[in-house]
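Asker: If you use this note's numbering, the sequence shown closes out at 283, no skipped numbers anywhere.
Just so it is clear, CB atoms sit at the ideal spot from N, CA and C, and this is done for glycine as well.
Keep in mind it's a predicted model, so treat the numbers as computed, not measured.
Handing you a structure now.
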Amino acid sequence: MTTPIIELENISFRYPGAYDAVLNNLKLKIMPGDRIGLMAPNGSGKTTLLHTIMGLCRPQEGSVRIFGTPMETEADFTGIRPRLGLLFQDSDDQLFCPTVLEDVAFGPLNLGESRSQARETAIKTMASLGIEGLQDRITHRLSGGQKRLVALAAVLAMKPEVLLLDEPCAAIDPPSREQLIGLMRQLADAGQTLLVSNHDWGVALELYDRVIVLDGRVLADGPPQQVRHMLGSQLAPGGAAHE
Ligand SMILES: Nc1ncnc2c1ncn2[C@@H]1O[C@H](COP(=O)(O)OP(=O)(O)O)[C@@H](O)[C@H]1O
Ligand SMILES: [Mg+2]
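This is the structure we're talking about:
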């Protein structure tokens, strides 16, 4: 039997000092090759869920298994994190080096590549995204869309087995958005396991084979067409829920 990549069992999470739990008895299983859209309005716990998978939020109840291994301590997560690539909702949380090349080479260097290997990996990854021209730019001076693409390059340079993308298309200019959707299409076609939070049903129907609707727990989980049909009248006219 194939081992799930990610398995969350009865997860409940409450931020310190908060009265209500953000995640409530949540169960979720992600299999290799799944391409999942996480659809939910703002404040529904999408980021918290992705951070729980990464071990950045530690639930008060329930269990997290990644690649079949129970994640109990920080050391468990430290060992597994390089195999999971999280694109942060805010690119400024991801990028912290002076230049783009340093930011993209940071992960491969950390994984043990030599300086020249890491540089080569970074340049190759940027070229695969069509952004090699940005390599000498000062990261914090880039536009929001450019930063998002550089952040994606920084994640992909580590060759993660699963990509967790937190609203990759939000708050960026339309050309960068189109470029990102094209890149997600390429990744999906290449068999990359994807968990993407976003609100765009057009993208969901095209790219994902599974859609999860979240509100603290999983409200619906299935093929995009089926879930969309089930939600029916809750969708805004034009087909975009909670844009
Ligand atoms: N660091 C935090 N401390 C306290 N509450 C938080 C924190 N981060 C998020 N929340 C709250 O948790 C809920 C879920 O947030 P989040 O996971 O960011 O949702 P989403 O990504 O779907 O917008 C929201 O009500 C938000 O205000
Ligand atoms: Mg969020």
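DSSP three-state label for Ala-58, please.
Answerer: Numbered from its first residue, the sequence shown carries residue 58 at position 18. Coil at Ala-58, not helix or strand.
Asker: If you count every other CB in all the chains shown that lies within 10 Å of the CB of Ile-93, and 16 or more means buried, which is it?
Answerer: Locating residue 93 in the sequence shown gives position 53, where the first residue counts as 1. So Ile-93 counts as buried.
Asker: For Thr-139 and Arg-121, what's the separation of their Cα atoms in angstroms?
Answerer: Counting from one through the sequence shown, the residue named residue 139 turns up at place 99. Counting from one through the sequence shown, the residue named residue 121 turns up at place 81. Rounded to whole angstroms, Thr-139 to Arg-121 spans 24 Å at the Cα level.
Asker: Can you name the residues that DSSP bridges to Met-79?
Answerer: Taking the first residue of the sequence shown as 1, we reach residue 79 at position 39. Met-79 is bridged to Val-253.
Asker: Leu-182 to Gln-219, Cα distance in whole Å?
Answerer: Here residue 182 is taken as the residue at index 142 of the sequence shown, counted from 1. Here residue 219 is taken as the residue at index 179 of the sequence shown, counted from 1. Cα-Cα distance, rounded: 16 Å.
Asker: With three or more C-beta pairs closer than 8 Å as the rule, is the stretch 228 to 243 touching the stretch 70 to 85?
Answerer: The stretch 70 to 85 is in contact with the stretch 228 to 243.
Asker: State yes or no: is the beta carbon of Glu-101 nearer than 9 Å to at least one beta carbon in chain D?
Answerer: Structure shown: chain D not included; a single protein chain is present.
Asker: So, Leu-247 versus Lys-86, is the Cβ gap smaller than 9 Å?
Answerer: Position 207 of the sequence shown, counting from 1, holds the residue named residue 247. Position 46 of the sequence shown, counting from 1, holds the residue named residue 86. In this structure, Lys-86 does not lie closer than 9 Å to Leu-247 by Cβ.
Asker: Keeping to the same chain, check which residues put their C-beta closer than 6 Å to that of Ile-212; ignore five residues upstream and five downstream.
Answerer: To locate residue 212, count along the sequence shown from 1; it is residue 172. Here the set comprises Gly-184, Gly-185 and Arg-188.
Asker: Does the stretch 89 to 106 come close enough to the stretch 200 to 209 to have 3 or more Cβ pairs within less than 8 Å?
Answerer: Verdict: yes, contact present.
Asker: Which partner residues of Glu-49 appear in the DSSP bridge assignment?
Answerer: Within the sequence shown, the letter at position 9 stands for residue 49. Glu-49 is bridged to Ser-103.
Asker: So the beta strand (DSSP E) Lys-67 belongs to, where does it begin and stop?
Answerer: The residue you call residue 67 lines up with position 27 of the sequence shown. Per DSSP, Lys-67 belongs to the beta strand (DSSP E) from 63 to 70.
Asker: With a threshold of 8 Å (Cβ to nearest heavy atom), would Lys-187 be considered close to ligand 2?
Answerer: For this step, residue 187 is matched to residue 147 along the sequence shown. No, Cβ of Lys-187 sits at least 8 Å from all heavy atoms of ligand 2.
Asker: Determine, using beta carbons only, whether Met-111 and Leu-151 come nearer to each other than 9 Å.
Answerer: Along the sequence shown, read from residue 1 onward, the residue named residue 111 stands at position 71. Along the sequence shown, read from residue 1 onward, the residue named residue 151 stands at position 111. No, the pair does not count as a contact, with Cβ atoms beyond the cut-off.
Asker: Do Pro-264 and Asp-240 have their CB atoms nearer than 9 Å?
Answerer: Within the sequence shown, residue 264 is the residue found at index 224, counting from 1. Within the sequence shown, residue 240 is the residue found at index 200, counting from 1. In this structure, Asp-240 does not lie closer than 9 Å to Pro-264 by Cβ.
Asker: Between Gln-226 and Leu-149, what straight-line distance do the alpha-carbon atoms span, to the nearest angstrom?
Answerer: In the sequence shown, the residue the question calls residue 226 occupies position 186. In the sequence shown, the residue the question calls residue 149 occupies position 109. Each residue's Cα considered, the two are about 26 Å apart.
Asker: Report the option in Ile-45, Gln-100 and Gly-173 whose CA atom is closest to the CA atom of Gly-57.
Answerer: Here the question's residue 57 lines up with position 17 in the sequence shown. Nearest C-alpha to Gly-57: Gln-100.
Asker: Any heavy atom of ligand 1 closer than 8 Å to the beta-carbon of Pro-81?
Answerer: Along the sequence shown, one-based indexing puts residue 81 at 41. Answer for Pro-81: yes, Cβ within range of ligand 1.
Asker: What are the start and end residues of the beta strand (DSSP E) that includes Leu-203?
Answerer: The residue given as residue 203 occupies position 163 in the sequence shown. Here the beta strand (DSSP E) through Leu-203 covers 202 to 206.
Asker: Round the Cβ separation of Pro-215 and Leu-127 to the nearest angstrom and send it over; I've been treating them as touching at under 8 Å.
Answerer: The sequence position of residue 215 within the sequence shown is 175, counting from 1. The sequence position of residue 127 within the sequence shown is 87, counting from 1. The Cβ separation is near 18 Å, so there is no contact.
Asker: CB-CB under 7 Å to Ile-190, same chain, minus the five flanking residues each way: which ones, in chain order?
Answerer: Your numbering for residue 190 matches position 150 in the sequence shown. The sequence as given places Val at residue 190; Ile does not occur at that position. Answer for Val-190: Leu-135, Val-140, Asp-143, Val-144, Ile-171, Leu-174, Thr-179 and Leu-182, listed in chain order.
Asker: Would you call the CB atoms of Leu-90 and Asp-206 closer than 9 Å?
Answerer: Residue numbering aside, residue 90 sits at position 50 when the sequence shown is read from its first letter. Residue numbering aside, residue 206 sits at position 166 when the sequence shown is read from its first letter. Cβ distance < 9 Å, so Leu-90 and Asp-206 count as in contact.
Asker: At a cut-off of 8 Å, would you count Gln-129 as near ligand 2, judging by its Cβ distance to the nearest heavy atom?
Answerer: As a position in the sequence shown, residue 129 is number 89, starting the count at 1. For ligand 2, at least one heavy atom lies less than 8 Å from the Cβ of Gln-129.
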